[in-house]
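Chains as they are written, first to last, in the numbering used here: chain A, 1 to 402; chain B, 1001 to 1248.
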C-alpha cells in the first residue's frame, strides 16, 4: 500500500496568484461596502425597523453554520475513529476556522456601531445567547487551532483524539447556540420553537459538507493532484444522508406548526401565502436544494460523475441560502400578532408583511465573507501541509487490494 | 440706666424676628412639600432609582382621545422626526397609534402602543452588552453609550417597540441622546419622571392615560387598576408589562 504524504501546494502558477488577487479584490469591495453602510447609516440598505437583519446576516449565519459542519469530517476521523477520513481531517479543521472567520467578519461589519466592538468583548450580559456565542465562536477557533496543531505536529499526534472529541462537543454546543439565537425568541411566530437548535445542527452537517466537497474537489483538480473515487464516494454517501436529515427537520417543523391552530398561520405563510418566501422555499430550498441533489447522489446514472457531484453540492449551498433567507428574512417579514383575532394597522407597518429588498452593499459584504474564507484556505494550503499529495484509491482505501 | 433694658428688648425683638421668619418660611414651604408628593416625588439626581417604585401607565382606550396628539408630544419631547432621509419604514417611532379591527365582528378602535416596560423584558435578556436595561423602578431603556447596534433586542421585542437609527442625526435633544447606529425606544420619559413630572404622552392625553406607581396602593393608578378590569397586550407571554389597557 502506498504511503500517505502531506505536501503544501506548489502555488506558483498565474492561476494561483490570480485567484488570490481576485479574492482580495472581492474582500476590498466588501470592506468598502461595509464602510459605506456604516458611514452613511443603514438607510442605504434594504433593512428597516421590521426586517432588522438582512442579507449580511443570511451570509454570516450560513458561513457560521457551515463552519461547524465543515469540522464533521475531522470529527468523524478523530472522535469516531473512522480511519478512512483521517487524510481529510486537516483540510476539514482549516475550512472550519476559515468559514467561521468569514462569517464573523460579515456579522461584525454590519453592526450599527462596529467601533464599539471592544464593549462587546469586555462587558457581558450572560443571559444573552449572543454573549455565549462570543465565547463559543472564539473558543471554537482556539480549540480547532489546537486540534490542527496536534494533527500537523508529529510529537502531538497522540492528542488528536481527545482534541477531536473536545472540538466535536464544542461545535455541537456552538451550533445549538446559533440556532438558539432564533429559538429563544418568543416574539416572532417563526422562531418560537425549540426545534431550531437541533435543526441548525443538522443544517450544519449538510452545508458544511457541501462546502467541504467543493473545496476538496477544486483543490485537487486545480493542483492536478490525484483524488480517487473511493474517498469521493464515501463523502458522497455521507452527504446524501445529511441532505435527507435536513429535509426531515423541515417536515417536522411545518407539520408541528400546521397541527395547531395557534401556529398554522406562519406555516401557511411560508408554504403557500408568502410570495417570494414561498417561491424560495419550494423551488430553491426543497426542489433545487434537496430533491435534485438527492437524485444526483443516489441515482446510478451519475455514479463517479464528479461534475454532477459539484452540481449537487452547489445546489445544496444555494438551497441553504434560500432556507436561511426564508427563516431569517421571512420570519421577520411576517407581522407580529399583537391582537390575535384582530387585524392591526398603523402608520408604522403593523399587520403587514414587511417589504424587504436586499441592497447591493449588503450582497457585497456577504460576498466578502465568502472571499475571506476562500482566501484563508488558499493561503494556508500553500503555506502548510494540509492536503495529502495524493488521495488515489491505493492510499485512501484501507481495503485496497492490488 | 436703660441700656441693659434696651439691649434686652433688642435681643428679644431679634429673637422674635428670627422665630417669626422661620415660622413664615415653614408656612410658605409646607404646602410645596405636599404638592411634590402628590406629583410623584421628584428625587435628587444622585439618588438611584428604587425597587420600592414600579412606574406604570394605564391607558383607557374607551375615552375619546386624539391619540395622534400623544405621538406628537412624544416626538417633540425627544426630538424625533429629524431622521429625514430614512424611508418611512426606517423612521423612528417611540409611540404609535394602532387601529385594531375584530376579524369576525368588524368592531374597530384605535389605541396607542409603545414600549410596554415589561417586568421580564426579552429585550434586556438578549442584549449582549447590557445596553438594553431595566431600571430598579421598572423603566426599560437603552444605554446609548453601550449599544453596539446589533439589533437583537429589536428581534426579541414582542411589541415591535424598538427602532434603529438609520442615519446621522442632528439637533438631538440634550435629554435624549440619539445617534446613528444605536437602538432606541420609549423610555417612559425617564428624565421627566425623575424630575417629578409625567411622561409627555400622558400629559396631553386629557386623562385617558394615567401614570403612577404600581407599587403604591394609594396611587391613582393602583386604585383604578383595583377597581376595574384591565389587560396587558400579549398577556399570554407572561411578561407582566407596566403598561396596562382598559377597553381592549
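We put the CB at the ideal spot given by N, CA and C, even for glycine.
Who pairs with residue i in a beta bridge, going by DSSP?
i, result
"residue 1099 of chain B", "A/345 and B/1110"
"residue 1241 of chain B", "B/1118"
"residue 1164 of chain B", "B/1183"
"residue 227 of chain A", "A/391"
"residue 259 of chain A", "In the DSSP output, where bridge partners are listed per residue, residue 259 of chain A has none listed."
"residue 1246 of chain B", "B/1060"
Can you tell me which of the three DSSP states residue i falls into?
i, result
"residue 1217 of chain B", "coil"
"residue 1212 of chain B", "strand"
"residue 81 of chain A", "coil"
"residue 1056 of chain B", "strand"
"residue 1132 of chain B", "strand"
"residue 1141 of chain B", "strand"
"residue 299 of chain A", "coil"
"residue 191 of chain A", "coil"
"residue 6 of chain A", "strand"
"residue 1226 of chain B", "helix"
"residue 236 of chain A", "helix"
"residue 247 of chain A", "helix"
"residue 1231 of chain B", "strand"
"residue 1051 of chain B", "coil"
"residue 383 of chain A", "helix"
"residue 1198 of chain B", "coil"
"residue 399 of chain A", "coil"
"residue 1092 of chain B", "coil"
"residue 32 of chain A", "helix"
"residue 56 of chain A", "helix"
"residue 267 of chain A", "helix"
"residue 325 of chain A", "helix"
"residue 218 of chain A", "helix"
"residue 1151 of chain B", "coil"
With residue i and residue j assumed to form a contact (beta carbons below 8 Å), what rounded beta-carbon distance in angstroms separates them?
i, j, result
"residue 1239 of chain B", "residue 1112 of chain B", "At roughly 18 Å, the Cβ-Cβ gap does not stay under 8 Å, so residue 1239 of chain B and residue 1112 of chain B are not in contact."
"residue 370 of chain A", "residue 207 of chain A", "About 12 Å; that fails the 8 Å criterion."
"residue 1147 of chain B", "residue 1123 of chain B", "That pair is no contact at about 11 Å."
"residue 180 of chain A", "residue 129 of chain A", "5 Å"
"residue 289 of chain A", "residue 319 of chain A", "1 Å"
"residue 1200 of chain B", "residue 1189 of chain B", "5 Å"
"residue 91 of chain A", "residue 383 of chain A", "Not quite, the Cβ-Cβ distance comes to about 13 Å (not below 8 Å), so this is no contact."
"residue 1212 of chain B", "residue 1219 of chain B", "4 Å"
"residue 411 of chain A", "residue 227 of chain A", "What the structure shows of chain A is the stretch from 1 to 402, and residue 411 of chain A is not part of that stretch, so it cannot be assessed."
"residue 1166 of chain B", "residue 1083 of chain B", "7 Å"
"residue 1241 of chain B", "residue 1116 of chain B", "4 Å"
"residue 1281 of chain B", "residue 1183 of chain B", "The shown model of chain B, from 1001 to 1248, leaves out residue 1281 of chain B, and the question about it has no answer."
"residue 1091 of chain B", "residue 1061 of chain B", "The Cβ separation is near 25 Å, so there is no contact."
"residue 1100 of chain B", "residue 339 of chain A", "5 Å"
"residue 342 of chain A", "residue 1103 of chain B", "6 Å"
Could you name the residues of the same chain whose beta carbon sits closer than 7 Å to that of residue i, not counting the 5 residues immediately before and after it, in chain order?
i, result
"residue 321 of chain A", "58 and 62"
"residue 1143 of chain B", "1131 and 1133"
"residue 1216 of chain B", "1222"
"residue 1237 of chain B", "1158"
"residue 184 of chain A", "129"
"residue 26 of chain A", "367, 368 and 371"
"residue 1179 of chain B", "1144, 1165 and 1169"
"residue 1181 of chain B", "1149 and 1165"
Could you pull out every residue in the same chain whose Cβ sits closer than 8 Å to the Cβ of residue i, ignoring the five residues on either side in sequence?
i, result
"residue 379 of chain A", "20"
"residue 137 of chain A", "64, 100, 104 and 174"
"residue 166 of chain A", "143 and 147"
"residue 117 of chain A", "108 and 111"
"residue 1126 of chain B", "1132, 1152, 1153, 1155 and 1156"
"residue 1228 of chain B", "1246"
"residue 198 of chain A", "176, 179 and 249"
Among the residues of its own chain, which have a CB less than 6 Å from the CB of residue i, if the five just before and after it don't count?
i, result
"residue 375 of chain A", "23"
"residue 345 of chain A", "351"
"residue 953 of chain B", "This structure cannot settle anything about residue 953 of chain B, because the visible part of chain B is limited to 1001 through 1248."
"residue 1037 of chain B", "Because the pLDDT of residue 1037 of chain B is 39, which lies under 50, any placement of that residue in the model is unreliable, and the question is left without a value."
"residue 6 of chain A", "385 and 388"
"residue 1072 of chain B", "none"
"residue 1081 of chain B", "1075"
"residue 1046 of chain B", "none"
Can you list the residues of chain E that residue i reaches, using a CB-CB cut of under 7 Å?
i, result
"residue 127 of chain A", "Note that chain E does not occur in the displayed structure, where the protein chains are A and B."
For the 8 Å Cβ check, are there 3 or more pairs between the segment 185-197 of chain A and the segment 244-260 of chain A? The segment 244-260 of chain A and the segment 185-197 of chain A touch, with three or more beta-carbon pairs separated by less than 8 Å.
If we count Cβ pairs, one from each stretch, closer than 8 Å, do we get three or more for the segment 266-277 of chain A versus the segment 324-338 of chain A? Because the criterion of three Cβ pairs below 8 Å is met, the segment 266-277 of chain A and the segment 324-338 of chain A touch.
Quick test of the definition: if touching needs 3 or more C-beta pairs under 8 Å, does the segment 294-305 of chain A touch the segment 34-49 of chain A? Inter-segment contact for the segment 294-305 of chain A and the segment 34-49 of chain A is absent: fewer than three beta-carbon pairs are separated by less than 8 Å.
So does the segment 212-231 of chain A actually touch the segment 395-402 of chain A, counting three or more Cβ pairs closer than 8 Å? Verdict: yes, contact present.
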